[in-house]
Every structure is written in C-alpha cells, then in structure tokens.
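Asks:
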Amino acid sequence: MSRLLKIYIGILVLLIATIITINVNAPKPINWTPTYDTKDKIPMGLYIFDQEMPNVLKGSKINKMTVTPYEYFESQFDYDTLVENYKVKGTFLSVSEFNYIDKESTKELFYFASRGNTIFLSMKTFPEDLLDSLKVDYRSDFVLSDSVYNWLANPKSGKKKYSMIEGMGNNYFSKIDTLNTTVLGYQGTLKGDKQVNFIKVPYKSGYFYLHTQPNAFTNIHLLKAKQHEYAEQVLSYIPKKDAIFWFIKNQNGELVSNSMMRFVLSQPPLKSAWYLFLCGAVIFMIFNAKRKQRIVPIIKPLNNTTIDFAKTIGNLYLQEGDHDNIIEKKIIYFLEKIRIDYLLETNKLDDVFIKKLQQKSGKEMVDIERAVYLINQHRKGYHNSIESDLLEINTAIEKIIN
Numbered sequence: 028m029s030r031l032l033k034i035y036i037g038i039l040v041l042l043i044a045t046i047i048t049i050n051v052n053a054p055k056p057i058n059w060t061p062t063y064d065t066k067d068k069i070p071m072g073l074y075i076f077d078q079e080m081p082n083v084l085k086g087s088k089i090n091k092m093t094v095t096p097y098e099y100f101e102s103q104f105d106y107d108t109l110v111e112n113y114k115v116k117g118t119f120l121s122v123s124e125f126n127y128i129d130k131e132s133t134k135e136l137f138y139f140a141s142r143g144n145t146i147f148l149s150m151k152t153f154p155e156d157l158l159d160s161l162k163v164d165y166r167s168d169f170v171l172s173d174s175v176y177n178w179l180a181n182p183k184s185g186k187k188k189y190s191m192i193e194g195m196g197n198n199y200f201s202k203i204d205t206l207n208t209t210v211l212g213y214q215g216t217l218k219g220d221k222q223v224n225f226i227k228v229p230y231k232s233g234y235f236y237l238h239t240q241p242n243a244f245t246n247i248h249l250l251k252a253k254q255h256e257y258a259e260q261v262l263s264y265i266p267k268k269d270a271i272f273w274f275i276k277n278q279n280g281e282l283v284s285n286s287m288m289r290f291v292l293s294q295p296p297l298k299s300a301w302y303l304f305l306c307g308a309v310i311f312m313i314f315n316a317k318r319k320q321r322i323v324p325i326i327k328p329l330n331n332t333t334i335d336f337a338k339t340i341g342n343l344y345l346q347e348g349d350h351d352n353i354i355e356k357k358i359i360y361f362l363e364k365i366r367i368d369y370l371l372e373t374n375k376l377d378d379v380f381i382k383k384l385q386q387k388s389g390k391e392m393v394d395i396e397r398a399v400y401l402i403n404q405h406r407k408g409y410h411n412s413i414e415s416d417l418l419e420i421n422t423a424i425e426k427i428i429n
C-alpha cells in the first residue's frame, strides 16, 4: 500500500469519526411528522393515546386491527348458515392524518354499522363514498391562527374551549343533513366564528361519529395542561363497555421498511457515517483501480503490402523483358481511369476524344495528343517493344493521370 493511499485512508477515518462525534453530541431536532403511529413518542405520534386507552375506555376490550376492515370483518362471517351471523359487536375506531380506508372496507363499515354498531373516525379527510351516503360535505378554507379553538356543543361538557394549534387541520363540515345529523362539536375563534368539526350521523341500527381534528389525540396535546380533557370528552360518545376495533395498519400511510439497514438509516449519525463510508469506498476503488491497471499492449496495424506486391509483379515482368505486356497493362489501366474519372468512351481514340479529355481534365493538349499518339502507334505495331518504348509511353501517361 502506497504512502499516499495510507494518508488518504487516515484522513477518511478521522473525518468519519469527527462527523459521528458531532452528530452524537448535537441535540436531536424535534420531529413534527404527523405519523399517528402508536409506537411514536414524537409530538404527532399516538404513544400516549395508546397507553391511556384502557383508562379512558374502561371496561372495553381493545382489539388492534393490523388488516383492513374488509379483511377483518369478512373473516367474522359464519358461512355455515344461510344467513350471515355477524360475530363482531362494538365500535370501529380510526385516528389518522388522512383517509386510508379503501372502498371495499368502506362498504364493510356500512354493513358493520347496520348491525347496530358504531363507527368513530377522526381524520382530516374521509372516504368520498361514505360522505355521499351520509349526505355530508366538508371544506378546507378555515384560516389557522393562534386564536383557533375546539369545543363541544353539549352544555354538559362545559363551556371550556381548547386551543390546539400544533397539527390542526383546516377542514370542517360545511353541509349536513340537519334532520338526521347531530352536531357535537365546533372549531373557531373567541369572536364567535365557528365551523362544525364533530358530528353524529345515524345509519340504520348504528351510528357514524366523524371528527376532523385527529391532532387532539396526539402526544403533544395529551401532555399539555388540561387539553387531554377535550380528547376524553370526544371519546365519551363511544358506547361504554363496547369492544373497540382500532384500525392501526399503515396508519400514517407509510409502509414499514423490511430492510436490514432500516435502523441505521433511521439514526442521523449512523446514516451520515454509512453514506460517507460508501463514498469513501467508491473513491478508494477508483484510485486503486487506476494505480493497478495492467499495461495495454500496443497492437501494430497490418502493413499494406499492395504497393510492394505491385512492385514485385512489375519487376518480374521487367526482368523477363516482356515490355509489350507491361505497356499493354499500362494502357488498360490508363483507359480504365479515364472512363471512371471523366466518364468518356475509350473505344475510339481520335481528335474528338482528345478534345473532350482536355476539356474535362484540364491537362495540356500537347501532352494528351502525345499519349494518344503513342497508344495508337503501339496498337498498330507488330514488332517487339524495347525498354525505351516502355519509358516513353509511361512518361506520357503519367503526365495525364497525375
């Protein structure tokens, strides 16, 4: 290992140790994410609510549902008889930031209520099918401020108003069926402005309780002075000693990761150290690969032996003294080049041919006439050519094609 690489690794280890130390000793920032998770102790979690449920709903058996209402309640049907005998009796409870109840489960909740049971939903948005069936509508134009309060409509609950700004939503019920719907609570200001945020709607033999401020059940508000009273008053509408079916599956709308790295990635110091280690490992591999790369061999291109071959053949003819053969091949090559380069017919080498070739090639008329004359003379002659004849005709042709 080179000295430079050792220095680099030492600096990287020191940097990782420094970052981990700083992150461990730094105060952990408050996480205001509205998870509504029963295991979260952050301000917008439901850990306190989960712990206090047995005390608030005394005598009620609390069943936590980790499957959808459709899956859970469908499993309670007795299909051995011709009539479905619903085994489940009690109150369905859901407290979440937004609606995470699917359409099939919504249908199941209506059937559950029709059997004389209670549906209690505290969330900022509700299933559209549910609102349409109950003739309820809601809006989201409430202006948040430090003077917004929640209170119950029943005078027996007292006249106290509770300010719960953290996590408060701006939804309220803008339209209800006044003949069947009972208003149970409001949100508004001390000046008299108010909107309906808690209602009771009958459905066949059961009831739906809809509440738009689930933040009232979060850790921060249950721990604030007297604010837990509001949550207790809202929950007091749930029938006593009813079995509670609390829907907690993916309550915050997020899927829990099954990755082996989930704990490391959930802790900011460990997460920073892990990503820094990965970056360092990549940089190390890049530098290491660069230093140890094998030498790329130089492959010489194949030599072009065409010219050498032509010279060899030419020397062979020359040594044999076959000048006529060499001259004839030279003439054939010359005329072929004229046909290809200038698109001229070479069947008849006369004055017309000479004039056209001079116009297209731009060569001297004297040189063209000399070359044509020698070619015609060679073709008319019947004696053996000598070396001087070969040199003369080659010189004349080279002046035109070069």
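One gets our numbering by counting positions in the sequence shown from 1 and adding 27 to each. Ideal placement from N, C-alpha and C gives every residue a C-beta, glycine not left out.
Quick check: the region 48-67 against the region 205-225, are there 3 or more CB pairs under 8 Å?
Replies: Contact between the region 48-67 and the region 205-225 is absent, because fewer than three Cβ pairs lie under 8 Å.
Asks: Does DSSP classify M80 as helix, strand or coil?
Replies: Against the sequence shown, residue 80 aligns to sequence position 53. In this structure, M80 counts as helix in the three-state DSSP scheme.
Asks: For I427 versus D394, is the C-beta spacing smaller than 8 Å?
Replies: Position 400 of the sequence shown, counting from 1, holds the residue named residue 427. Position 367 of the sequence shown, counting from 1, holds the residue named residue 394. Yes; because the gap between Cβ atoms is below 8 Å, this pair is in contact.
Asks: Can you give me the Cβ contacts of P229 inside the same chain, cut-off strictly under 7 Å, excluding the 5 residues immediately before and after it?
Replies: Taking the sequence shown and counting its residues from 1, one reaches residue 229 at position 202. Only N207 meet the Cβ criterion.
Asks: Can the beta-carbon of F272 be found less than 8 Å from the beta-carbon of T133?
Replies: Mapped onto the sequence shown, residue 272 falls at position 245. Mapped onto the sequence shown, residue 133 falls at position 106. No, they are not a contact pair.
Asks: In this structure, what does DSSP give as the bridge partners for P154?
Replies: Here residue 154 corresponds to residue number 127 of the sequence shown, with the count starting at 1. Note: P154 sits in no beta bridge, so no partner.
Asks: Work out the CA separation of N331 and S388 for me, nearest whole Å.
Replies: As a working note, residue 388 is residue 361 in the sequence shown. As a working note, residue 331 is residue 304 in the sequence shown. The alpha-carbon atoms of S388 and N331 are separated by roughly 30 Å.
Asks: So for L431, helix, strand or coil by DSSP?
Replies: It is not possible to answer for residue 431, since the shown part of the chain is limited to 28 through 429.
Asks: Under the three-state reduction of DSSP, which class applies to V283: helix, strand or coil?
Replies: As a position in the sequence shown, residue 283 is number 256, starting the count at 1. Since pLDDT at V283 reaches only 46, below the 50 mark, its modelled position is unreliable, and the value read off the structure follows with that caveat. Here V283 sits in coil by DSSP.
Asks: Residue range of the alpha helix (DSSP H) that M92 falls in?
Replies: Here residue 92 is taken as the residue at index 65 of the sequence shown, counted from 1. M92 -> not in any alpha helix (DSSP H); beta strand (DSSP E) instead, spanning 89-92.
Asks: Identify which residue in I36, V175, N242, K382 has its Cα closest to the Cα of P70.
Replies: In the sequence shown, the residue the question calls residue 70 occupies position 43. Comparing Cα-Cα distances from P70 to each of I36, V175, N242, K382, the minimum goes to N242.
Asks: Using DSSP bridges, identify the partner residues of N207.
Replies: Locating residue 207 in the sequence shown gives position 180, where the first residue counts as 1. Beta-bridge pairing links N207 to no other residue.
Asks: Please check the pair I146 and F235, which I expect to be a contact at CB under 8 Å, by giving their CB distance rounded to whole angstroms.
Replies: Counted from its first residue, the sequence shown places residue 146 at position 119. Counted from its first residue, the sequence shown places residue 235 at position 208. Right, the Cβ-Cβ distance comes to about 5 Å (below 8 Å), so this counts as a contact.
Asks: Decide if D204 is buried, meaning its Cβ has at least 16 other Cβ atoms within 10 Å, or exposed.
Replies: Against the sequence shown, residue 204 aligns to sequence position 177. With fewer than 16 Cβ atoms within 10 Å of its Cβ, D204 is classed as exposed.
Asks: Determine the DSSP secondary structure at D164, reduced to helix, strand or coil.
Replies: Along the sequence shown, one-based indexing puts residue 164 at 137. Strand.
Asks: Apart from the five residues on each side of it in sequence, which residues of its chain come closer than 8 Å, Cβ to Cβ, to K364?
Replies: Position 337 of the sequence shown holds residue 364. Excluding positions up to five away in sequence, the list reads I428.
Asks: Would you say M191 and Q254 are within 8 Å of each other, going by their C-beta atoms?
Replies: Walking along the sequence shown from the start, residue 191 turns up at place 164. Walking along the sequence shown from the start, residue 254 turns up at place 227. Cβ atoms of M191 and Q254: closer than 8 Å.
Asks: Report buried or exposed for M312, applying the criterion of at least 16 other Cβ atoms within 10 angstroms of its Cβ.
Replies: Here residue 312 corresponds to residue number 285 of the sequence shown, with the count starting at 1. By the 10 Å Cβ count, M312 comes out exposed.
Asks: Look at the alpha carbon of V115 and the alpha carbon of I57, and state the distance between them as a whole number of angstroms.
Replies: By one-based count along the sequence shown, residue 115 stands at place 88. By one-based count along the sequence shown, residue 57 stands at place 30. Taking the straight line from one Cα to the other gives about 40 Å.
Asks: Identify which residue in P61, I36, G86 has its Cα closest to the Cα of I265.
Replies: Locating residue 265 in the sequence shown gives position 238, counting from the first residue. Of the listed residues, the one whose Cα sits closest to I265 is G86.
Asks: If I'm right that I358 touches I402 with Cβ under 8 Å, what's the distance once you round it to whole angstroms?
Replies: Indexing the sequence shown from 1 puts residue 358 at position 331. Indexing the sequence shown from 1 puts residue 402 at position 375. About 5 Å; that satisfies the 8 Å criterion.
Asks: Could you check the C-alpha separation between K227 and A44 for me, to the nearest Å?
Replies: Position 200 of the sequence shown holds residue 227. Position 17 of the sequence shown holds residue 44. Taking the straight line joining both Cα atoms gives about 58 Å.
Asks: Thinking C-beta only, is I89 closer than 8 Å to P96?
Replies: Along the sequence shown, one-based indexing puts residue 96 at 69. Along the sequence shown, one-based indexing puts residue 89 at 62. No, they are not a contact pair.
Asks: Grab me the residues of H248's own chain with a C-beta within less than 6 Å of its C-beta, minus the 5 sequence neighbours each way, in chain order.
Replies: Taking the sequence shown and counting its residues from 1, the one referred to as residue 248 is at position 221. Here the set comprises M191, Q254.
Asks: Determine, using beta carbons only, whether F513 and S149 come nearer to each other than 8 Å.
Replies: Residue numbering for the chain in the displayed model covers 28 to 429; residue 513 lies beyond these limits and cannot be assessed.
Asks: Which one of S167, I34, S299 has the shortest CA to CA distance from S201?
Replies: Here residue 201 is taken as the residue at index 174 of the sequence shown, counted from 1. Ranking the options by Cα distance to S201, first place goes to S167.
Asks: Under the rule that 16 or more other beta-carbon atoms within 10 Å means buried, what is E135, buried or exposed?
Replies: Looking up residue 135 in the sequence shown gives position 108. With 16 or more Cβ atoms within 10 Å of its Cβ, E135 is classed as buried.
Asks: I'd like to confirm the pairing. Which residues does DSSP put opposite K202 in its beta bridges?
Replies: Sequence index remark: in the sequence shown, residue 202 carries index 175 (1-based). Partner(s): D164.
Asks: For a test of the three-state rule: what should DSSP assign to Q260, helix, strand or coil?
Replies: Within the sequence shown, the letter at position 233 stands for residue 260. Note: Q260 maps to helix in three-state DSSP.
Asks: Once DSSP output is grouped into helix, strand and coil, what is the label at I57?
Replies: Here residue 57 is taken as the residue at index 30 of the sequence shown, counted from 1. Coil, per DSSP.
Asks: Within this structure, are the beta carbons of N177 and G233 separated by less than 8 Å?
Replies: Looking up residue 177 in the sequence shown gives position 150. Looking up residue 233 in the sequence shown gives position 206. Taking 8 Å as the Cβ cut-off, N177 and G233 do not qualify as a contacting pair.
Asks: In chain order, which alpha helix (DSSP H) runs of at least 4 residues are fully inside the region 350-426?
Replies: Entirely contained in the region 350-426, the alpha helix (DSSP H) runs reaching 4 residues are, in chain order, 350-369, 378-388, 392-407.
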